[in-house]
Structure formats: structure tokens, C-alpha cells
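Residue numbers (my numbering): 151 to 337.
Glycine included, every Cβ here is placed at the ideal spot set by N, Cα and C.
Below you'll find the structure, written out as C-alpha cells, and then a few comments.
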Amino acid sequence: MHTDRKLDAFCEDHGELLCHVCHIYNHQKCSHVVLVADKVNSMHLEGDFKKLSDNVDALLDKLIHNKHNFENDMQCLERSNKEAMKEITSLRKEINDKLDKLETNTILKLETLLVNLRKSFKHDVKTCTEYIQNMTIVREDLRKIKDQNETVIFIKYRQNLDQFIKTDACLHDMPTANVKTITFNPD
Numbered sequence: 151m152h153t154d155r156k157l158d159a160f161c162e163d164h165g166e167l168l169c170h171v172c173h174i175y176n177h178q179k180c181s182h183v184v185l186v187a188d189k190v191n192s193m194h195l196e197g198d199f200k201k202l203s204d205n206v207d208a209l210l211d212k213l214i215h216n217k218h219n220f221e222n223d224m225q226c227l228e229r230s231n232k233e234a235m236k237e238i239t240s241l242r243k244e245i246n247d248k249l250d251k252l253e254t255n256t257i258l259k260l261e262t263l264l265v266n267l268r269k270s271f272k273h274d275v276k277t278c279t280e281y282i283q284n285m286t287i288v289r290e291d292l293r294k295i296k297d298q299n300e301t302v303i304f305i306k307y308r309q310n311l312d313q314f315i316k317t318d319a320c321l322h323d324m325p326t327a328n329v330k331t332i333t334f335n336p337d
């Protein structure tokens, strides 16, 4: 293309603007070379400028519409994201509240179990202490029994035997496999 020459022709075969030198040397064999002025007049007559203007307007309208839709979609996305985040936070709080309640209930049950077991152990210790004292007295009575008369010996023997039988029965009734540890088993 020659920048120092006027472009006054258009080759429709190649879609190029031409100066008269290019037309003579490069486009002599082309069948559709027209003057630019004639081409512009033809475009006006055929309404090409109006069509292009209308098409540009329609394309702009579509672009503006699409842009507006994308902006609305983005706002909708942001709103839905905020809602999802609120739901996640709410669910997390609900889970934490339930876990706190579960922890509180579990600790309460554990403390209640400990109080009951402690009470049971104390009762068993007290009972054993009483029977130890009774059996210590029985043992002392049996050592001293030799120096008594036969009636007293028999009465003491019967009393000590009754105390022994009662203590032995109570010992057998006591739990032998007391709980010695407390373990937590999550389920």
C-alpha cells in the first residue's frame, strides 16, 4: 500500500483499498474493482450504513443486557454465598450447642455415677468395719471362754456362732467385683 497516494478504488475480489498504481500493477485482472465514491453511494442506496448502525445498536443492546445479567448473577451469587455462610455458621452453632449439652449431660451422669459408687463403697467399708469389730470381739470371747462354766461357754459359743454365720453370710452378699475405674466410651 502506498501512503503517499490517494486511495480511490476498492477491489471487491480481494477486499482491499487501492491507489491507481496498485490497481494497474496488482489488480488489473480483478473483475470487481470500483471507485470508493461509487461504493459509498451504493452502500447508501442499499442501506448498508443504516443496517450496520442498526446492527451495532442491537449488538450494544445485547452486550448491555448481558452485562446487566452478569451483574445481577454476580449479586445473586454474592447473596447466596452470604446465605450459605450464615447457614454454615448457624449449623456450626447448633452442633456446638448440642455438643455442649451432650458434654454437660455426660458429665452429670458421670458425677452421679461417682456419687453412687462412692456411697456404695463407703457403705461397704462401714459394714466391713462393723463386722471386723464384731469378729474381733468374737475372737476375744473365744479365747476367754475356757475359764467360764459350761452353761456360759455354751451360750457364748452359740452367740459367737450366730455372729459368725451372720457375718459370713453378709460377706458373701457383698459385691466382690466392685467398679474400680471409670472409663469413657463414646458411642
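Residue i (DSSP reduced to helix, strand or coil)
| i | result |
| --- | --- |
| phenylalanine 271 | helix |
| cysteine 180 | coil |
| leucine 157 | coil |
| glutamate 162 | coil |
Option in the options with minimal Cα separation from residue i
| i | options | result |
| --- | --- | --- |
| threonine 277 | Ile303, Thr317, Leu260, Arg308 | Thr317 |
| phenylalanine 314 | Gln298, Val183, Glu280, Thr331 | Glu280 |
| phenylalanine 271 | Thr331, Ile295, Ile287, Arg229 | Thr331 |
| arginine 293 | His164, Tyr307, Leu252 | Tyr307 |
| valine 288 | Asp274, Asn299, Ile303, Val275 | Ile303 |
| asparagine 284 | Asp312, Thr262, Lys296, Asn266 | Asp312 |
| lysine 156 | His173, Asn191, Leu210, Glu221 | His173 |
| leucine 321 | Asn266, Val275, Leu252 | Val275 |
Endpoints, the alpha helix (DSSP H) within which residue i is located
| i | result |
| --- | --- |
| cysteine 320 | 300–323 |
CB-CB length for residue i against residue j, believed under 8 Å
| i | j | result |
| --- | --- | --- |
| leucine 185 | alanine 159 | 6 Å |
| valine 171 | histidine 177 | Not really, about 10 Å apart at Cβ, beyond 8 Å. |
May I have a chain-ordered list of the alpha helix (DSSP H) segments no shorter than 4 residues that lie completely inside the stretch 185–266?
-> 186–196
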